[in-house]
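Colleague: Got a structure for you, written out below as structure tokens; questions coming shortly.
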Amino acid sequence: MGVELGRLAARTMSMEEARAVSQQFESQGYSVNIKEVKQGHLSVFEVWVSKEKEGFFGSGRNVKTD
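Numbering follows the working numbering, in which position 64 of the sequence shown is assigned residue number 659; successive positions increment by one, without gaps.
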């Protein structure tokens, strides 16, 4: 099952920083998802943003994961 995430806006090792970035994008009207990616014993938090507006994705490509 693929999930449309949008565009990667930030990658950090701090959940607090990921939340701060997501709040900035949400205040601008973007939909935001924070995805936790495990790398060994470390967690990396990715902030993905999307907006229902034509032209947002410059190349027209959407990122999908399984």
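Don't be surprised by glycine CBs; every beta carbon is placed ideally from N, CA and C.
It should be emphasised that the depicted structure is a prediction, and the values quoted were computed from it without experimental measurement.
#1: I need the straight-line Cα distance from residue 617 to residue 602, nearest angstrom please.
#2: According to DSSP, residue 614 sits in a beta bridge with which residue or residues?
#3: Under DSSP, the beta strand (DSSP E) around residue 638 begins and ends at which residues?
#4: Under a three-way DSSP split, which group does residue 622 fall into?
#5: Starting from the C-beta of residue 645, find all residues in its chain whose C-beta is less than 6 Å away, skip the five residues before and the five after it, and write them out in chain order.
Modeller: Result, derived from the coordinates:
#1: Here the question's residue 617 lines up with position 22 in the sequence shown. Here the question's residue 602 lines up with position 7 in the sequence shown. Looking at the two C-alpha atoms, the distance is approximately 12 Å.
#2: As a first step, residue 614 is located in the sequence shown; it is residue number 19 there, counting from the start. Answer is none; residue 614 lacks a bridge partner.
#3: Counting from 1 along the sequence shown, the entry for residue 638 is found at position 43. First-last of the beta strand (DSSP E) with residue 638: 637-645.
#4: In the sequence shown, the residue the question calls residue 622 occupies position 27. Secondary structure of residue 622 (DSSP, three-state): helix.
#5: The count along the sequence shown starts at 1 and reaches residue 645 at position 50. Cβ within range, chain order: 601, 626.
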